Amino acid sequence: MSFSRIIARLMMVPIGLFCAILATGIFLAFALLTMDPHQASDPEIQSIFTLFWGVVIAAMLGPLSATPTLAFLLVAELLSWRSLYIYLGFGLALSLFAFHLPQEAQDQVATALDMRAMASGLVGGFVYWLIAGRGAGVVKRNAANKPKSF
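full-length UniProt numbering numbers the first residue of the sequence shown as 1 and each following residue consecutively.
Structure below.
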C-alpha cells in the first residue's frame with residue numbers, strides 16, 4: 001500500500017461526500033419547488049431560487065446525516081465496497097429514515113414527499129460513487145483477495 005494512495009483516498013472521500021450532499025440538496029430543492037405548478041413564470045429566477053434553497057437544504061442535511069454516513073463510508077473503505085448498488089441502497093435507506101416520520105399519516109402529500117426524498121438519496125449515492133466510491137479501499141487488491149462483486 002502506497003502513501004500516495006492513502007493521501008488520495010483522504011482527499012477523495014470528503015470531496016465526494018461534499019458533492020453528494022450538495023447534489024442531494026439541489027435535487028431535493030428542485031423536486032420540492034416543482035410540486036406547485038403555479039409558481040413564478042420566469043425560469044431564471046426560479047433556477048436561482050432553486051439553487052439557493054438547494055444549498056440551504058444541503059447545509060441542513062450535512063450535519064443530520066454525518067454520523068451514519070461517516071460510519072458507512074469507513075466500513076466501505078475498509079472492505080473495499082465498489083458496487084454502485086451498495087451506495088444507491090445506502091443513499092435510499094438514509095433518506096428514507098431521515099425524512100419519514102413513523103407517526104406520520106400517509107396521505108398523498110406525505111407519500112409524494114417521501115418519494116422525492118428517496119430519489120434525492122439515490123442521487124446522492126450515485127454522485128458519491130461517481131467521485132469516490134468507484135475507487136474505494138485502501139488495501140490494494142489482486143486476483144487472489146479480490147472481493148466478490150454483486
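Heads up, the beta-carbon is just placed ideally off N, CA and C, and yes, glycines get one too.
Remember, predicted model here, so these are calculated numbers, not experimental data.
- Query: Roughly how many angstroms lie between the CA atoms of Gly25 and Leu61, to the nearest whole one?
  - Reply: Rounded to whole angstroms, the gap between the alpha carbons of Gly25 and Leu61 is 7 Å.
Beta-carbon separation of Leu70 and Phe49 under 9 Å? No.
So for Ser4, helix, strand or coil by DSSP? In this structure, DSSP gives Ser4 a helical state, which the three-state scheme calls helix.
TODO: Give a yes or no on whether the C-beta atoms belonging to Gly133 and Leu92 are separated by under 9 Å.
DONE: Leu92 sits away from Gly133, with the two beta carbons spaced by 9 Å or more.
> Can we say the region 107-119 touches the region 77-88, given the rule of at least three CB pairs closer than 8 Å?
Replying inline: Of all C-beta pairs linking the region 107-119 to the region 77-88, fewer than three are shorter than 8 Å, placing the two stretches out of contact.
Taking Cβ positions, are Ile57 and Ala29 nearer each other than 9 Å?
At the C-beta level, Ile57 and Ala29 come within 9 Å of one another.
Of the listed residues Phe97, Leu51, Trp53, nearest to Ala117 (C-alpha basis):
Closest by C-alpha distance to Ala117, out of Phe97, Leu51, Trp53, is Phe97.
#### Entry: Through-space distance from Arg5 to Phe27, alpha-carbon basis
Computed Cα separation, rounded: 32 Å.
request  = Please classify Ile45: is it buried, with 16 or more other beta-carbons within 10 angstroms of its beta-carbon, or exposed?
outcome  = With fewer than 16 other beta carbons inside 10 angstroms of its own, Ile45 counts as exposed.
Subject >> Delimiting residues of the alpha helix (DSSP H) encompassing Pro63 >> reply: Per DSSP, Pro63 belongs to the alpha helix (DSSP H) from 43-79.
- Do you know whose CA, among Ser47, Gly137, Met11, Leu88, lies nearest Ser120's CA? The alpha carbon of Ser120 has as its nearest neighbour, out of Ser47, Gly137, Met11, Leu88, the alpha carbon of Leu88.
- request: Taking Val13 and Leu73 to be in contact with their CB atoms under 8 Å, please state how far apart those CB atoms are, rounded to whole angstroms.
  value: 6 Å between Cβ atoms; contact.
| Distance, Ala23 Cα to Val55 Cα | Using only the alpha carbons, I get a separation of about 9 Å.
Q | C-beta atoms of Ile86 and Gly16 nearer than 9 Å | A | Not closer than 9 Å, so no.
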